[in-house]
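To keep things clear, I will list the structure first and then write my remarks on it.
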Amino acid sequence: MVRLRPLFLYDPAMEQAWLEDQAAKGRFVYEYKKLYACFWREEPKVVRFRLEPVRGDTDRPDVQTQEIYLELGWKYVCSIDGSYRVWRCDDPEAPELNTDPQVQAAGYDYQQRQSRKTIRFLAGFWVVVLALLLGFNLLVDGYFIREVESWRPMVIWLPRMGALLGMVLVLSFAAWRRRVYLKALNAGVPQPHRKPYRLSQWMMLLMLILEWVFLLSLAAGVLYGNTPYQPQSFYEEPIPAVEMPELMEVEAIRWQNWHTREQWWTIQSDRENKGLLAQGKYYDFYLPWEAGRMARQIAERDGLLPLETPLVEEAWYLETDEWGFQNLLLRKGSRVIFMTYEGAESLLENLAAFAALLN
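Under our numbering, think of the first position of the sequence shown as 143, with each following residue one higher.
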């Protein structure tokens, strides 16, 4: 049988108490996995379990150590995650394995060294990742635009970031409790062999839920696709678009992500062949400086020319004679609108209407 194990790593006394309570119910541990422990059935009895920190890179103690401990009444059971060895004693008269708190604390030296190595590795890894993300953002053309136009909505990003934050908080709490435990041992203060473990079990369950939320959010991010364009009549609120009279009804998609409160993408097609002749993109950013950055990067990408107008804070325009396309880009505060159009109308003559959409 299996049981969800407590988040014992910050205090072995909790794990010891849990194992002893399981034995009193006739369940005796024989193996540990990442999230649970495996038990077999025996006659219920009062036994002692002790967790001894691994002092080297070998989980299982050597034969000589096992023989010495067995003479003292302690039998090796299994190891836990390369961190602890589990010993069991059925003799209530047998002496404790370790009674000197400072000697017990010294047994954690190897774990502490490995922990520091892991922390340095993770810190270095995240520095590299952040440097790459910053480099992509600053140096790779169009990377920021692609991020802003990402279809991943807040309903995917918020659970993912919340799960990560929750895991960090739980692990930080565990690390703090472990430091308190070792500090007491180093000060020569004996620590109890049993402590309440209910909170620890709830923390392990919470960690399991957070891991699943994070994994499901990753899967949702991969599977989530953009919704189809809907006709103007589908939406109750007005669409931020200027309708070109010679084209068909405006169709739109609306969504948000962690850059924008709201995005509207609109299209209008020719009445005869339904070819795409007008496309609009409306962005409402959380941060005005991101709106300015987005507008400038679009203008640079498409070669748009600055346009002087008192109606907005920044404006660009370009008409391509060869293809007959007009491009209009406007920014005011945290809002940006970008229009691409091929037709008989003049976007500049409709400049006031487009600027009004940013109010």
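Cβ atoms here follow ideal geometry from the backbone N, Cα and C, with glycine treated the same way.
Predicted model, so just to flag it, every value in this text is computed and none were measured.
Simplified DSSP assignment, three categories, for residue i
i	result
V144	strand
Q343	helix
W397	strand
E209	helix
Q372	strand
R190	strand
R336	coil
A420	strand
L177	coil
R172	The sequence as given places Tyr at residue 172; Arg does not occur at that position. Strand at Y172.
E404	strand
P197	Note on residue identity: the sequence assigns Arg, not Pro, to residue 197. The answer is coil: DSSP assigns R197 none of H, G, I, E or B.
L500	coil
R302	helix
I381	coil
D412	strand
R321	helix
Distance CB(residue i)-CB(residue j) smaller than 8 Å
i	j	result
R443	G266	no
Q158	R192	yes
D426	E450	no
L446	L471	yes
Y174	C220	yes
P448	S359	no
R321	G249	no
P243	G330	yes
A247	L324	yes
G466	M386	no
M143	F170	no
Y371	E393	yes
L419	L460	no
L439	T482	Here residue 439 turns out to be Gln, not Leu, going by the sequence shown. No, these two residues do not count as a Cβ contact at 8 Å.
A433	V478	yes
W318	W397	no
L306	F356	yes
Nearest-angstrom Cβ-Cβ length linking residue i and residue j, presumed shorter than 8 Å
i	j	result
F382	W406	Correcting the residue type first, residue 382 is Pro in the shown sequence and not Phe. Contact flag correct, Cβ pair sits at about 5 Å.
P148	Y339	5 Å
R190	E162	7 Å
N492	V384	5 Å
Distance, residue j Cα to residue i Cα
i	j	result
P218	W229	Note that residue 218 is Tyr in the sequence shown here, rather than Pro. Each residue's alpha carbon lies about 5 Å from the other.
L146	Q343	8 Å
Y211	R262	36 Å
M156	L281	51 Å
Q410	R435	27 Å
N328	E238	19 Å
R258	L352	25 Å
L500	V454	8 Å
S476	A437	10 Å
F480	E391	19 Å
H401	T462	31 Å
Y172	A236	21 Å
V104	S225	Nothing about residue 104 can be read from this structure; the chain reaches only from 143 to 501.
I287	D201	50 Å
D233	T241	17 Å
I395	T260	45 Å
A495	N399	26 Å
D251	V245	10 Å
E378	A498	19 Å
V205	R336	28 Å
K176	R227	15 Å
L214	Q208	10 Å
K167	W160	11 Å
L275	W268	10 Å
D223	Q253	11 Å
Residue i at chain D interface by Cβ criterion, 8 Å
i	result
P186	This model lacks chain D altogether, as it is built from one protein chain only.
Closer than 7 Å: residue i CB and nearest the ligand GTP heavy atom
i	result
W458	In terms of ligand content, the structure shown is empty, and the ligand GTP therefore cannot be addressed.
Exercise for the section: Counting only runs of 4+ residues fully inside the region 212-296, write out the alpha helix (DSSP H) ranges in chain order. Expected result: Counting only runs of 4 or more, we get 243-248, 251-281, 285-290.
Exercise for the section: Give, in chain order, every unbroken run of the alpha helix (DSSP H) that is at least 4 residues long and sits entirely within the region 422-490. Expected result: For the region 422-490, whole alpha helix (DSSP H) runs of length 4 or above, ordered along the chain, are 430-444.
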